[in-house]
Every structure is written in structure tokens, then in C-alpha cells.
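Enquirer: Following this message is one structure expressed as C-alpha cells.
Numbering (the working numbering), first residue to last: 3 to 307.
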């Protein structure tokens, strides 16, 4: 009996050794090896801690309260780290809440876009034929629309406009790129042996799509999510910069950067727009570095499988 137990244990150990590492372990390993990506990941964590953690100690009514007597304080004056704006509001507090709001908008739009785009891409790529043709013509139509001007027009005519409406408007258009991306991945997978074997065994199309095909494109999904977050934060910031993003009473990185529209502020009051600009650059740049590391991890995971 003892010999059998030892033999069984040996086989189990050999099986465990032969199994490829999980996707999470591969991602951690790749980020740890790349010092730039590791630094970028740490910076992103610090930014999230500053914006989301710091906003827990702030009230919107206090942050946005106008006090003309303290208008245009410079760097560090009267206890204001980054000075104040034309309404006497503390730029550092606005930066914390504005950064949180912009990141939340980016995450929310990304969640909707990735879910919708992934589902549509899976269906179009897996079934192909007429289904694919119809879906892709709809995608083409949405993509050729002047998306930015339409969003700007809708923000001016929709009553009770708020952050939720902005998320909905952005999500109406920006799922198409994700759908087209995953359609191409699924098209490359639908003819593989494991898909044909599952069809032969009698598995339903939906089981094959979500249990067989989807796990094989998970690495691409993670990469696309990371990079799409940065893109959506940039879109929200651009809309707020133009005055068509978040309501003016809601802090945003774009509303802070929009102070640079006044040439006097660019030269004489850089504290109004420089911190938000630097924060936006840090978010975009570091997410890009982490995304590249995750892409390498996805490629390594596929090779090891």
C-alpha cells in the first residue's frame, strides 16, 4: 500500500510540475522583471491611493465652495499646497476629487464597452457568415459617425445632465473598436482543433464560446482593458476641457486643465493647470508601460501553454 501511495504522490507531483503557471503568476513575473513596468505599477497604485483614499476625507460641498477672498493664491500660500483658483477653491483638493472622478468615468465606460464589445465580437467571430456580416455593418455604421460632435450636442440638450449620462453617451460609441478587435481573435480560433472537437462531442455553441474560446483570448482581454481605461480617461478629460464633459460643479482633470485656455493663466498662474496636466500624463504613461508588460505576459502564457 505504501508503495502505491508513493507512486500516486509521485505522479501528482509530476503533474503539478508539468502544469504551466497561471496567467496571474505570469503577469506578476513579467512586471517584476521589467523595472520600468514595476515602477509604473507602483506609481499607478500611489495615484489610486491619493485620489480614492484622499477623497474619503473630503466633501464635495466644501471642496467646491467659493471663497473670493482666497482667490489666486500661489504655490504653498496660506496653507494651500497647489494654490487656489479664481473662486478661492483649493487646487490640491480639486485635483484629488477631479482625478477620482476622471478615473471612475474611465473605468465605468471601459466596463460597459468591454462587456458589450466582447459579447458582440464573440458572436460575430464565432458564427460568421450572415450573422458576422450584419453585425459588422452595424459596427461600421457606428464607427463612421462623428462621435465627438454628437456627444457634445447631446450634452447640451439632455436635461438633468450628470456623470451617469456622460458614461452612457461615451459607451454608445466606443464599444465598436473592442468588438472588432475580439471578432478578429475569435475568427482565428474558430477553426482550431479544440473548437472542432467540442462541436463533434455535442457541446452547445454558447458553451464553446464561453468555456473554450473565451479563456484563450483572456490575455488579450486584460491588455485591452488596461489600455482602454487610459483612452477613456483621456476622452473624458478632453470633453471636460472643452466644457462638454462632467458638469461644471463636478471636479475633473479636464476642468482643471481648461484653465490653460486663458493665456494669462498659462504664464502667470501655472499652478491652476500644471498639477492636473502632470497627473494625467502620469496616468496615461504608466498605464501604457503596465499594458506592455501584460502584453508580453500574455504572449509568454500562450507559448507556455
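Think of the CB as a built atom: it goes at the ideal place given N, C-alpha and C, for glycine as much as any other residue.
Between which two residues does the alpha helix (DSSP H) holding residue 2 run?
Expert: It is not possible to answer for residue 2, since the shown part of the chain is limited to 3 through 307.
Enquirer: At the level of alpha carbons, what is the spacing between residue 42 and residue 78?
Expert: Counting from one through the chain shown, the residue named residue 42 turns up at place 40. Counting from one through the chain shown, the residue named residue 78 turns up at place 76. Each residue's Cα considered, the two are about 28 Å apart.
Enquirer: Check for me: the alpha helix (DSSP H) holding residue 128 runs from which residue to which?
Expert: One-based indexing of the chain shown puts residue 128 at position 126. Element bounds for residue 128: 93 to 129.
Enquirer: At a cut of 8 Å, does the stretch 234 to 242 reach the stretch 158 to 175 through at least three beta carbon pairs?
Expert: yes
Enquirer: In this structure, how does DSSP classify residue 291 when only helix, strand and coil are distinguished?
Expert: Position 289 of the chain shown, counting from 1, holds the residue named residue 291. Residue 291 falls in the helix class under three-state DSSP.
Enquirer: If contacts are defined as beta-carbon pairs under 8 Å, then residue 72 and residue 80 qualify, I think. What distance do you get, rounded to the angstrom?
Expert: Your numbering for residue 72 matches position 70 in the chain shown. Your numbering for residue 80 matches position 78 in the chain shown. Indeed, because the Cβ distance is near 7 Å, the residues count as touching under 8 Å.
Enquirer: Given a threshold of 16 other Cβ atoms within 10 Å of its Cβ, counted over all protein chains shown, does residue 324 qualify as buried or as exposed?
Expert: Because the chain is modelled from 3 through 307, residue 324 falls outside the range shown and cannot be assessed.
Enquirer: Would residue 182 pass as a contact of residue 141 if the rule is Cβ separation under 8 Å?
Expert: For the purposes of this step, residue 182 is taken as the residue at position 180 of the chain shown. For the purposes of this step, residue 141 is taken as the residue at position 139 of the chain shown. If you check the CB distance, residue 182 and residue 141 come in under 8 Å.
Enquirer: What span of residues does the alpha helix (DSSP H) with residue 88 cover, start to end?
Expert: Residue numbering aside, residue 88 sits at position 86 when the chain shown is read from its first letter. Element bounds for residue 88: n/a, residue is neither H nor E.
Enquirer: Please report the straight-line C-alpha distance between residue 253 and residue 245, rounded to a whole angstrom.
Expert: Your numbering for residue 253 matches position 251 in the chain shown. Your numbering for residue 245 matches position 243 in the chain shown. Rounded to whole angstroms, residue 253 to residue 245 spans 12 Å at the Cα level.
Enquirer: Three Cβ pairs or more, each shorter than 8 Å: is that satisfied between the stretch 274 to 292 and the stretch 120 to 130?
Expert: Here the stretch 274 to 292 makes no contact with the stretch 120 to 130; the two share fewer than three CB pairs at distances below 8 Å.
Enquirer: Go ahead and label residue 117 buried or exposed: buried means 16 or more other beta carbons lie within 10 angstroms of its beta carbon, across all protein chains shown.
Expert: Mapped onto the chain shown, residue 117 falls at position 115. The residue in question, residue 117, is exposed, as its Cβ has fewer than 16 Cβ neighbours within 10 Å.
Enquirer: Tell me whether the beta-carbon of residue 98 lies closer than 8 Å to the beta-carbon of residue 85.
Expert: Numbered from 1 along the chain shown, position 96 holds the residue referred to as residue 98. Numbered from 1 along the chain shown, position 83 holds the residue referred to as residue 85. No, the pair does not count as a contact, with Cβ atoms beyond the cut-off.
Enquirer: Got a sec? Which residues, its chain only, sit under 6 Å from residue 153 by beta carbon, not counting five neighbours each side?
Expert: As a position in the chain shown, residue 153 is number 151, starting the count at 1. Hits under 6 Å: 171.
Enquirer: Are residue 134 and residue 180 close, meaning C-beta to C-beta below 8 Å?
Expert: On the chain shown, position 132 is the one that residue 134 refers to. On the chain shown, position 178 is the one that residue 180 refers to. No. Outside cutoff.
Enquirer: Quick one: Cα of residue 185 to Cα of residue 233, how far?
Expert: Counting from one through the chain shown, the residue named residue 185 turns up at place 183. Counting from one through the chain shown, the residue named residue 233 turns up at place 231. Rounded to whole angstroms, residue 185 to residue 233 spans 20 Å at the Cα level.
Enquirer: Below 8 Å on the Cβ atoms is my contact criterion, and I expect residue 211 with residue 124 to pass it. Report the Cβ-Cβ distance as a whole number of Å.
Expert: Taking the first residue of the chain shown as position 1, residue 211 is located at position 209. Taking the first residue of the chain shown as position 1, residue 124 is located at position 122. Correct: roughly 5 Å between the Cβ atoms.
Enquirer: I need the DSSP call for residue 31, collapsed to helix, strand or coil.
Expert: One-based indexing of the chain shown puts residue 31 at position 29. Of the three classes helix, strand and coil, the one that applies to residue 31 here is helix, per DSSP.
Enquirer: Taking 8 Å as the cut-off, decide whether the C-beta atoms of residue 273 and residue 76 are in contact.
Expert: Here residue 273 is taken as the residue at index 271 of the chain shown, counted from 1. Here residue 76 is taken as the residue at index 74 of the chain shown, counted from 1. Yes. Within cutoff.
Enquirer: Excluding the 5 residues flanking residue 187 on each side, which residues of the same chain have their C-beta closer than 8 Å to its C-beta?
Expert: Sequence index remark: in the chain shown, residue 187 carries index 185 (1-based). Contacts found: 123, 127, 219, 222.
Enquirer: Looking at residue 46 and residue 288, is the spacing between their C-beta atoms short of 8 Å?
Expert: As a position in the chain shown, residue 288 is number 286, starting the count at 1. As a position in the chain shown, residue 46 is number 44, starting the count at 1. Contact flag set, yes.
Enquirer: Which residue marks the beginning of the alpha helix (DSSP H) containing residue 174, and which one marks its end?
Expert: Taking the chain shown and counting its residues from 1, the one referred to as residue 174 is at position 172. From DSSP, the alpha helix (DSSP H) with residue 174 extends over 165 to 175.
Enquirer: When the Cα of residue 231 is compared with those of 60, 74, 105, which residue comes out closest?
Expert: The sequence position of residue 231 within the chain shown is 229, counting from 1. Considering only alpha carbons, the answer is 105.
Enquirer: Between which two residues does the alpha helix (DSSP H) carrying residue 200 extend?
Expert: One-based indexing of the chain shown puts residue 200 at position 198. Segment 195 to 202, the alpha helix (DSSP H) holding residue 200.
Enquirer: For residue 163, which residues from the same chain have a beta carbon less than 7 Å from its beta carbon, with the 5 sequence-adjacent residues on both sides left out?
Expert: Locating residue 163 in the chain shown gives position 161, counting from the first residue. Exclusion of the five residues before and after residue 163 leaves 157, 249 as the residues of its chain whose Cβ lies within less than 7 Å of its Cβ.
Enquirer: Where residue 298 and residue 291 are concerned, what is the direct C-alpha to C-alpha distance, given to the nearest angstrom?
Expert: For the purposes of this step, residue 298 is taken as residue 296 along the chain shown, with counting starting at 1. For the purposes of this step, residue 291 is taken as residue 289 along the chain shown, with counting starting at 1. Residue 298 and residue 291: Cα-Cα distance of roughly 11 Å.
Enquirer: How is residue 249 classed by DSSP in three states: helix, strand or coil?
Expert: Against the chain shown, residue 249 aligns to sequence position 247. Three-state DSSP puts residue 249 in coil, outside helix and strand.
Enquirer: What is the DSSP secondary structure of residue 61, reduced to helix, strand or coil?
Expert: Position 59 of the chain shown, counting from 1, holds the residue named residue 61. In the structure shown, residue 61 adopts coil according to DSSP, grouped into three states.
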